[in-house]
Structure formats: C-alpha cells, structure tokens
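One structure is given here, and the rest of the page talks about it.
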Amino acid sequence: MPHLITLDGEVLTPNSKVERKACPFYGFSTIGKTMMDQRGNGCALFVKSCISCQMELSEQETDWNKCPYNNPKMMNILGGAMKNMTIFPREFGTEDRKWTGIRLTDWVKYIQDIQNRD
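Read the sequence shown against the numbering used here and you will find it ends at 121, with the numbers running on by one and no gaps.
As structure tokens, this is what we get:
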C-alpha cells in the first residue's frame with residue numbers, strides 16, 4: 004500500500020478508505036498555500052473561487068491526464084507553487100492529534116501510484 008511522509012518526516016498510511024478520482028486536485032479547495040479536503044467535486048486549481056470539476060460537469064470521467072487544465076501554461080504556474088503547497092487529505096488525518104500535512108508534490112505522486120494499481 005502506498006504511503007506518504009508528512010512535513011515533519013512521519014510516515015503515514017491511510018487510516019480510512021477514501022475513493023479518489025484520478026486527479027490530485029479533485030475534492031479540495033485552496034486557501035493560501037494549503038489545500039483542504041472538502042469531500043465534494045471542487046477543483047483546487049481555482050484559488051479565488053469554488054469551482055466544480057469541469058470534466059465531471061461535462062459528464063467526462065475525472066482524470067488529470069486528460070484534463071484541459073493539465074497543459075504547459077498551467078504546469079508553469081503550478082511547478083513552483085507545488086513545492087510550497089501543503090495538502091490535508093482526510094484519509095491520512097486523525098482527530099486525536101494535529102498533523103502538518105503533506106507536500107502537494109508527494110500527493111500528486113501518491114494519486115498517480117494508486118491509480119496505476121487499479
């Protein structure tokens with residue numbers, strides 16, 4: 004099973020089962036340099052508003068590899084920002100302790116890994 008490493012260096016494995024779409028930005032909202040799990044169909048790429056996944060609205064299967072926002076212009080914007088962004092996916096959090104989240108770059112790799120296993 005894939006795992007992630009927190010910003011504090013703690014190795015995490017999921018503590019609950021969450022069905023994830025094939026997109027690391029699906030279901031999250033962005034506030035500053037933080038992506039929070041919203042349990043919906045939001046796209047975290049839109050930082051100044053709450054926008055639903057455009058692929059899903061077009062009745063297409065959500066897939067970052069096929070997403071119209073996965074393009075060279077967006078990747079130039081994301082490239083630098085991803086290194087400094089922290090994400091808090093609910094399947095890795097616990098209510099009995101605080102945690103520092105994980106790097107967005109690690110989350111992207113994790114989503115790719117679990118999609119490749121399916």
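Where is the CB? At the ideal position from N, CA and C, for every residue including glycine.
- Contact annotation, Arg100 with Val21: C-beta distance approximately 19 Å; criterion of less than 8 Å not satisfied.
- At the C-beta level, Phe28 and Met39 stay beyond 8 Å of one another.
- With a beta-carbon spacing of about 12 Å, Glu62 and Asn44 fall beyond the 8 Å limit used to define contacts.
- Inter-residue distance for Met77 and Asp109 is about 18 Å (C-alpha atoms, whole angstroms).
- Ranked by Cα distance from Ile90, the options Val111, Asn74, Ser52 and Asn73 are led by Val111.
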